[in-house]
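J.:
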Amino acid sequence: MQQNWKSFGVLSGVLMGGLVGFPVAILPVEAQTTVAQASGVDDGYLVGAGDRVRVDVFNVPEYSGEFTVLANGTVNLPVVGGVAVEGLTLAQASQVVAQRYLQVIRRPYVTLSLLEMRPVTVAIAGEISRPGSYTLDPQNPPSLTNALRQAGGVRQSANIRQVQIRRRRPFQQAEMLTVDLRQLAQSADLSQDILLRAGDQIMIPTAMNMSLEDARFLASTTFASRETEPIQVAIVGEVNRPGPHILAATSGENTPPTVTKAIQTAGGITQTADIRNIQIRRALANGQERVIDVDFWALLRNGDLQQDLPLQAGDTVVVPTATALTPEELTEQASASFSADSMAVNVVGEVRQPGTVSIPPNTPLNQAILTAGGFNNRARRGKVQLIRLNPDGTVSRRDIDVDFSNNANLESNPPLRPGDTVVVGRSGIAALSDALSNVAVPLGIMLRLFGI
1 MQQNWKSFGV
11 LSGVLMGGLV
21 GFPVAILPVE
31 AQTTVAQASG
41 VDDGYLVGAG
51 DRVRVDVFNV
61 PEYSGEFTVL
71 ANGTVNLPVV
81 GGVAVEGLTL
91 AQASQVVAQR
101 YLQVIRRPYV
111 TLSLLEMRPV
121 TVAIAGEISR
131 PGSYTLDPQN
141 PPSLTNALRQ
151 AGGVRQSANI
161 RQVQIRRRRP
171 FQQAEMLTVD
181 LRQLAQSADL
191 SQDILLRAGD
201 QIMIPTAMNM
211 SLEDARFLAS
221 TTFASRETEP
231 IQVAIVGEVN
241 RPGPHILAAT
251 SGENTPPTVT
261 KAIQTAGGIT
271 QTADIRNIQI
281 RRALANGQER
291 VIDVDFWALL
301 RNGDLQQDLP
311 LQAGDTVVVP
321 TATALTPEEL
331 TEQASASFSA
341 DSMAVNVVGE
351 VRQPGTVSIP
361 PNTPLNQAIL
371 TAGGFNNRAR
381 RGKVQLIRLN
391 PDGTVSRRDI
401 DVDFSNNANL
411 ESNPPLRPGD
421 TVVVGRSGIA
431 ALSDALSNVA
441 VPLGIMLRLF
451 GI
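Each residue of the sequence shown is one higher than the one before, counting from 1 in the numbering used here.
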């Protein structure tokens with residue numbers, strides 16, 4: 001058993017007359033307090049049913065011993081019987097015990113020590129992963145952060161600057177305490193990690209305005225939610241597989257999945273995605289909804305990791321449609337880690353394997369032709385046509401001079417986009433042969449009909 005304890009000694013004096021019949025004068029109790037600071041016990045700790053205490057009466061070992069506070073709030077002591085101590089601090093309980101022993105001992109010196117605290121049960125509500133009632137682990141100090149971790153950690157929408165604790169006080173109004181856990185995490189202010197008492201009610205309020213910096217800071221704290229179980233979110237809009245998706249925590253880190261992981265799970269963004277105006281819609285504990293805007297261009301161009309917001313269960317990620325994107329933006333967007341790993345383009349006409357081919361994003365035109373088997377013997381090798389559906393809904397057609405010795409460039413070997421179609425035409429000889437064949441076949445049929 002862990003001997004975390006706190007003791008209070010109380011010296012009581014009695015001045016008695018030497019002759020029978022003289023009045024007895026009881027001097028005021030003079031408390032001499034010696035404290036062995038205990039982990040998990042503060043000066044305001046109130047004794048209650050289930051606590052184990054030790055009472056030592058100096059030079060009277062038969063009155064000393066270890067006792068448990070009974071369900072009725074009393075300790076049953078030798079000779080004096082039951083003494084009510086529930087709802088008293090340790091110092092007050094020491095005084096009450098000393099006063100009782102004044103009835104049988106002339107000058108008692110009483111020490112009351114807390115050997116083992118009763119289980120501390122608290123209630124936690126608000127922006128917490130698993131709200132409800134919790135009995136804290138007696139092997140650890142009943143601190144606020146330990147309680148929050150036992151309840152799964154605070155959610156990403158929590159206002160950790162204004163955590164409220166409602167504490168009952170005997171014969172008085174409840175006390176309201178406000179704790180700033182941001183101060184604890186940022187400045188190592190341990191006074192904010194207060195020790196809880198049985199019956200404390202903890203309320204984690206909702207942060208109505210939270211910056212992306214605050215959100216990422218909260219996710220990094222030890223009392224934030226640690227998603228060890230997969231969470232379900234919805235990803236809608238310009239992604240390749242919109243709908244609900246199950247996201248697992250980052251392997252080995254137990255950190256919440258982020259927006260980029262959600263988009264990757266949904267197959268990546270499409271070519272028409274507006275990554276400047278992605279939204280996260282989050283349901284709050286108070287029933288309201290918060291909309292958080294993130295700008296993935298800032299992530300892509302400047303490496304601003306604050307834009308990659310940690311997600312929580314029930315979030316909805318909305319990727320809107322872009323109204324206009326430059327070719328340079330489309331190329332850069334297609335190469336991002338949150339784009340699709342591959343894209344489908346069509347290579348038709350005079351190639352060995354015409355049809356749809358799957359190629360990596362930003363693959364140049366020459367590589368797409370080679371993926372389709374290259375030109376066949378009938379192909380017009382010097383020029384192909386590129387047909388493209390633009391984000392604004394228009395269709396562009398462009399003739400491109402093909403040179404397989406060229407590196408990727410916008411003029412003769414442009415990078416392709418999802419849905420592009422490359423048309424490889426016939427050579428002049430193949431076209432003439434087809435024309436002659438078209439004439440010769442009907443002529444042969446007519447000659448056979450007339451028996452010629």
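Here a beta-carbon is modelled for each residue, glycine too, at the ideal position from N, C-alpha and C.
Treat the numbers as computed from the prediction; the structure is a model and nothing was measured.
#1: Whose CA, out of Asn-376, Asn-390, Asp-403, lies closest to the CA of Gly-382?
#2: Buried or exposed: Thr-326, going by 16 or more other Cβ atoms within 10 Å of its Cβ?
#3: Taking 7 angstroms as the CB-CB cut-off, is Val-239 touching chain D?
#4: Report the three-state DSSP secondary structure of Arg-149 (helix, strand or coil).
#5: Taking only three categories from DSSP, how would you classify Pro-354?
#6: Do you know offhand how far Gly-237's Cα is from Asp-200's?
#7: In whole angstroms, what separates the C-alpha of Asn-212 from that of Gln-312?
#8: What does DSSP give as the partner residues of Gly-349 in its beta bridges?
#9: Return the residue from the list Asp-315, Pro-354, Ala-298, Asn-346 that minimises the CA-CA distance to Gln-333.
#10: Whose CA, out of Ile-194, Asp-295, Val-163, Asp-43, lies closest to the CA of Arg-276?
#11: Can you check which of these residues, Gln-271, Leu-389, Ile-369, Val-357, is closest to Ser-335 by C-alpha distance?
#12: Looking at the secondary structure, which residues open and close the alpha helix (DSSP H) in which Ile-263 lies?
#13: Taking only three categories from DSSP, how would you classify Pro-414?
#14: Suppose contacts are defined by Cβ-Cβ distances below 7 angstroms. Is Glu-175 in contact with Arg-182 by that definition?
#15: How about Asn-366 and Thr-356: are their beta carbons less than 7 angstroms apart?
#16: Hey, would you say Phe-223 sits closer than 7 angstroms to Arg-155, going by beta carbons?
#17: So Arg-100 packs on Val-80, CB below 8 angstroms; how close in whole Å?
#18: Just to check my reading of the structure: Pro-360 and Ala-408 have Cβ atoms closer than 8 angstroms, yes? What is that Cβ distance to the nearest angstrom?
#19: Can you find the residues in the same chain that come closer than 7 angstroms, C-beta to C-beta, to Ser-133, ignoring five residues on each side of it along the sequence?
#20: Are there 16 or more other CB atoms within 10 angstroms of the CB of Pro-61, so buried, or fewer, so exposed?
#21: Where DSSP assigns a beta bridge to Gly-82, which residues make up the other side?
#22: Ignore the nearest five residues each way along the sequence and tell me which others in Ala-215's own chain have a CB closer than 7 angstroms to its CB.
#23: Taking the straight line between their C-alpha atoms, what separation do you get for Pro-256 and Ser-337?
#24: Runs of 3 residues minimum, wholly inside the stretch 135 to 213: which ones carry the beta strand (DSSP E) assignment?
#25: So, with DSSP's three-state summary, where would you put Ser-94?
#26: So which of Ala-91, Gln-192, Arg-282 has the shortest CA-CA distance to Leu-177?
#27: First and last residue of the beta strand (DSSP E) that includes Leu-247?
#28: Threshold first: 4 residues or longer. Then list the alpha helix (DSSP H) segments lying entirely within the stretch 269 to 307, N to C.
#29: Val-57 by DSSP, collapsed to three states: which one?
#30: For the beta strand (DSSP E) that Leu-114 lies in, which residues bound it at each end?
#31: Reducing DSSP to helix, strand and coil, say where Glu-127 ends up.
#32: Taking Ile-105 as part of the alpha helix (DSSP H), name the residues at either end of that continuous run.
#33: Between Gln-279, Ala-368, Tyr-45, Leu-247, which has its C-alpha nearest Thr-265's C-alpha?
#34: Does the Cβ-Cβ distance between Leu-136 and Ala-151 come in under 7 angstroms?
#35: Given a cut-off of 7 angstroms, decide if Asp-56 and Ser-64 are closer than it, judged by their beta-carbon atoms.
#36: Under the three-state reduction of DSSP, which class applies to Thr-222: helix, strand or coil?
T.: This is what the structure holds:
#1: As a working mapping, residue 382 is identified with position 382 in the sequence shown. Nearest of Asn-376, Asn-390, Asp-403 to Gly-382, Cα basis: Asp-403.
#2: Counting from 1 along the sequence shown, the entry for residue 326 is found at position 326. With fewer than 16 Cβ atoms within 10 Å of its Cβ, Thr-326 is classed as exposed.
#3: Considering every chain present, this structure includes no chain D. It has just one protein chain.
#4: For the purposes of this step, residue 149 is taken as residue 149 along the sequence shown, with counting starting at 1. Three-state DSSP puts Arg-149 in a helix.
#5: Counting from 1 along the sequence shown, the entry for residue 354 is found at position 354. In the structure shown, Pro-354 sits in coil (DSSP, three-state: anything other than H, G, I, E or B).
#6: Reading the sequence shown from its first residue, position 237 is the one you call residue 237. Reading the sequence shown from its first residue, position 200 is the one you call residue 200. Approximately 45 angstroms, taken between the alpha carbons.
#7: As a first step, residue 212 must be located in the sequence shown, where it is residue number 212. As a first step, residue 312 must be located in the sequence shown, where it is residue number 312. Going by the sequence as given, residue 212 is Leu instead of Asn. Each residue's Cα considered, the two are about 14 angstroms apart.
#8: Within the sequence shown, residue 349 is the residue found at index 349, counting from 1. Paired residue(s): Val-424.
#9: On the sequence shown, residue 333 is found 333 positions in, with the first residue counted as 1. Ranking the options by Cα distance to Gln-333, first place goes to Ala-298.
#10: Looking up residue 276 in the sequence shown gives position 276. Considering only alpha carbons, the answer is Asp-295.
#11: Looking up residue 335 in the sequence shown gives position 335. Here the closest residue by C-alpha is Gln-271.
#12: To locate residue 263, count along the sequence shown from 1; it is residue 263. Per DSSP, Ile-263 belongs to the alpha helix (DSSP H) from 259 to 265.
#13: Taking the sequence shown and counting its residues from 1, the one referred to as residue 414 is at position 414. Shown here, Pro-414 sits in coil according to DSSP, grouped into three states, outside any helix or strand.
#14: Taking the first residue of the sequence shown as 1, we reach residue 175 at position 175. Taking the first residue of the sequence shown as 1, we reach residue 182 at position 182. No, the Cβ-Cβ distance between Glu-175 and Arg-182 is not below 7 angstroms.
#15: Sequence index remark: in the sequence shown, residue 366 carries index 366 (1-based). Sequence index remark: in the sequence shown, residue 356 carries index 356 (1-based). Contact: no.
#16: If you number the sequence shown from 1, residue 223 lands on position 223. If you number the sequence shown from 1, residue 155 lands on position 155. In this structure, Phe-223 keeps its C-beta atom at 7 angstroms or more from the C-beta atom of Arg-155.
#17: On the sequence shown, position 100 is the one that residue 100 refers to. On the sequence shown, position 80 is the one that residue 80 refers to. Between the beta-carbon of Arg-100 and that of Val-80 there is about 5 angstroms, and that keeps the pair under the 8 angstroms contact cut.
#18: Your numbering for residue 360 matches position 360 in the sequence shown. Your numbering for residue 408 matches position 408 in the sequence shown. Their Cβ separation, rounded to whole angstroms, is 12 angstroms, which puts Pro-360 and Ala-408 out of contact at 8 angstroms.
#19: Here residue 133 is taken as the residue at index 133 of the sequence shown, counted from 1. Within the same chain, Thr-121, Ala-123 come within 7 angstroms of Ser-133 by CB-CB distance, once the 5 residues on both sides are set aside.
#20: Reading the sequence shown from its first residue, position 61 is the one you call residue 61. It counts as exposed.
#21: Within the sequence shown, numbered from 1, the residue matching residue 82 stands at position 82. Its beta-bridge partners are Asn-76.
#22: For this step, residue 215 is matched to residue 215 along the sequence shown. Excluding residues within five positions, the ones whose Cβ falls inside 7 angstroms are Gln-156, Leu-309, Pro-310.
#23: Here residue 256 is taken as the residue at index 256 of the sequence shown, counted from 1. Here residue 337 is taken as the residue at index 337 of the sequence shown, counted from 1. When rounded, the separation of the alpha-carbon atoms in Pro-256 and Ser-337 is 18 angstroms.
#24: The stretch 135 to 213 contains these whole beta strand (DSSP E) runs: 163 to 169, 172 to 179, 201 to 204.
#25: The residue labelled residue 94 in the question sits at position 94 within the sequence shown. Helix.
#26: Position 177 of the sequence shown, counted from the first residue, corresponds to residue 177. Nearest C-alpha to Leu-177: Gln-192.
#27: Against the sequence shown, residue 247 aligns to sequence position 247. Where Leu-247 is concerned, the enclosing beta strand (DSSP E) stretches over 243 to 247.
#28: Whole alpha helix (DSSP H) segments, 4+ residues: 296 to 302.
#29: Residue 57 sits at position 57 when you count from the first residue of the sequence shown. Residue state for Val-57 is assigned as strand, using DSSP reduced to three classes.
#30: As a position in the sequence shown, residue 114 is number 114, starting the count at 1. Unbroken beta strand (DSSP E) run through Leu-114: 109 to 116.
#31: One-based indexing of the sequence shown puts residue 127 at position 127. In the structure shown, Glu-127 sits in coil (DSSP, three-state: anything other than H, G, I, E or B).
#32: Stepping through the sequence shown from its first residue, residue 105 is reached at position 105. For Ile-105, no alpha helix (DSSP H) encloses it, and the DSSP letter there is neither H nor E.
#33: Stepping through the sequence shown from its first residue, residue 265 is reached at position 265. The option with the nearest alpha carbon to Thr-265 is Leu-247.
#34: Within the sequence shown, numbered from 1, the residue matching residue 136 stands at position 136. Within the sequence shown, numbered from 1, the residue matching residue 151 stands at position 151. Here Leu-136 is not near Ala-151, since their CB atoms are 7 angstroms or more apart.
#35: Sequence index remark: in the sequence shown, residue 64 carries index 64 (1-based). Sequence index remark: in the sequence shown, residue 56 carries index 56 (1-based). In this structure, Ser-64 sits near Asp-56, with a CB-CB distance shorter than 7 angstroms.
#36: Your numbering for residue 222 matches position 222 in the sequence shown. For Thr-222, the secondary structure class from DSSP, reduced to helix, strand or coil, is coil.
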